[in-house]
Every structure is written in C-alpha cells, then in structure tokens.
Amino acid sequence: GESVGLHLPTLSVQEGDNSIINCAYSNSASDYFIWYKQESGKGPQFIIDIRSNMDKRQGQRVTVLLNKTVKHLSLQIAATQPGDSAVYFCAERWDYGQNFVFGPGTRLSVLP
Amino acid sequence: SQTIHQWPATLVQPVGSPLSLECTVEGTSNPNLYWYRQAAGRGLQLLFYSVGIGQISSEVPQNLSASRPQDRQFILSSKKLLLSDSGFYLCAWSVQGGNYNEQFFGPGTRLTVL
C-alpha cells in the first residue's frame, strides 16, 4: 500500500547550523501533514502542520515545505540547538479521514 | 487545558500473561482516541481507534483488543501476551469533527514481554 517514508534515517548537524529533514509520500490524496518530535522515552510532540493547499508554513525556528508535484515534505530547523536532538516523524492523513500514517522517523543528532 | 495520561509507564510481563494498559484524557469531551505501537527504532503503527464509547476500529489483526468504557478512557488489553508484543505503546487523542485536527500523544507505556 501507499506509505510515508524518509530519505535519511539519521542526520548529524553542528550546533547553530540549519537542519533539513525530508519525507517522501506516495498518496496523492493525502490532504494534511504533520511533523512530530519524539525525545527518548517520551511520546511524540506536535511541531508544525501543513495542509495540502499550502506550499510553506513557518513556525518558531521551523519551516515546513510541501512539494505536491514530487510528493515531498521537508522540515527545516534554523539554528539547531542541542535540545533539538530527537527523532522526527512525518505523518500524512489519507482521504480526509481521522487517521494518520507515520513514517519510520529520522534521528537528528546535534553536535557541539 | 487538555492532558492525556497513560499507565503504567513501564511493564515487564511473561509470555502468556494478560495485559491491560489504560489511557485517560482530561479537559475535552468526545475525543477521538487512538492506540499505537512503536517497535524499537521504528515508526508508529496504528492499532485501534475510537470515535465514541463502545466504538472500536481495529487496524491490524493481532492478539490485542481495545475498549472504551467511558468517553475519555481507552484500554488496551490482551488475554495472552506474545514476545512480539514488546514495544512502546502510545495513546493519542484528537478533537472530534473538524477538518484539520492534530493528534496529541500521551507519555507512553514501555512493555517488555519475556
């Protein structure tokens, strides 16, 4: 079946640099996408979302970009900090339903 | 504000023993409720979701079951645990209705089946 995946399972960045986490999806009917951050031993926390009628959305230090042409989603974190170290998941919602499909996650490690 | 609780936080159970994990939500009414399982280093797998009391939808055939005896209570159960049931179990809720509602996750239960 169609699913969400991630290009990079692990990502290491220097503190202060910008991070880009990528996600590919294959269901063109997906209408809503969310990025979650999960720290070790904790539940995922909502970071930012974007609807399919948008290309870009910005939050505090984070930006989500959606490219529907190539079915690609990215999360950009500006000035990455040690507290950003975590696993990041993208999730897509299929067909206006209540349920999301989650990708396998990318581990972000921030180097001092 | 809304909060979601799960317990226990950690659990070690022998193969073949029963299981009961509980999730409760405060500060909202008639939420959608979800149970996910996360294997080590993996993504989230949706197990069950519920849109109301007594209404349970199963996403994955398995030896687990779910119940919703009260509006803000969601229980995950098993009669006989398997080794493959080990994992991190997450409960989540979302607002009922609306078009764009994110899911809010609880702190999770770490289950180890020996």
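For the protein sequence lines, the chains are A and B, in the order given. Per this note's numbering, the first sequence runs over residues 2 to 113. Per this note's numbering, the second sequence runs over residues 4 to 117. Glycine is no exception: its CB is placed at the ideal position from the N, C-alpha and C atoms.
- The C-beta of Pro34 of chain B comes no closer than 8 Å to any C-beta of chain A.
- For Gly84 of chain A, there are no C-beta contacts with chain B under 9 Å, since the nearest C-beta of that chain is about 18 Å from it.
- Here the C-alpha atom of Leu22 of chain B lies approximately 29 Å from the C-alpha atom of Phe47 of chain A.
- Chain B has a Cβ within less than 8 Å of the Cβ of Asp50 of chain A.
- Residue nearest to Ile59 of chain B within the set B:Leu47, B:Arg45, B:Asp74, B:Gly46 is B:Asp74 (criterion: CA-CA distance).
- Note that the region 85-93 of chain A touches the region 103-110 of chain A; at least 3 beta-carbon pairs, one per stretch, sit closer than 8 Å.
- Sequence-distant Cβ neighbours of Gly57 of chain B in its own chain, meaning closer than 7 Å and more than five residues away, are Arg71.
- When the Cα atoms are used, Ser29 of chain A and His73 of chain A turn out to be separated by approximately 11 Å.
- Residues of chain A whose Cβ lies closer than 8 Å to the Cβ of Glu105 of chain B are, in chain order, Ile35, Phe47, Asp50.
- Under the Cβ criterion (8 Å, minimum of three pairs), the region 18-35 of chain B does not count as touching the region 10-24 of chain A.
- Leaving aside the five residues that flank Asn54 of chain A on each side, none in its chain has a CB nearer than 6 Å to its CB.
- DSSP, reduced to helix, strand and coil, places Pro83 of chain A within a helical segment of the structure shown.
- Under the 8 Å criterion on CB atoms, Leu47 of chain B is classed as interfacial with respect to chain A.
- Under a criterion of Cβ atoms nearer than 7 Å, the residues of chain B adjacent to Asn100 of chain A are, in order, Leu49, Tyr52.
- Fully contained in the region 25-112 of chain B are the following beta strand (DSSP E) runs of length 3 or more, in chain order: 35-41, 47-55, 58-61, 67-73, 76-81, 90-97.
- Inclusion of Trp96 of chain B and Ala69 of chain B in the CB contact set at 8 Å is not warranted, their separation being larger than that value.
- Looking at the backbone, the Cα of Ala42 of chain B and that of Phe101 of chain A are separated by about 17 Å.
- The closest CA to that of Arg62 of chain A, considering only A:Ala80, A:Lys69, A:Ser75, is found on A:Ala80.
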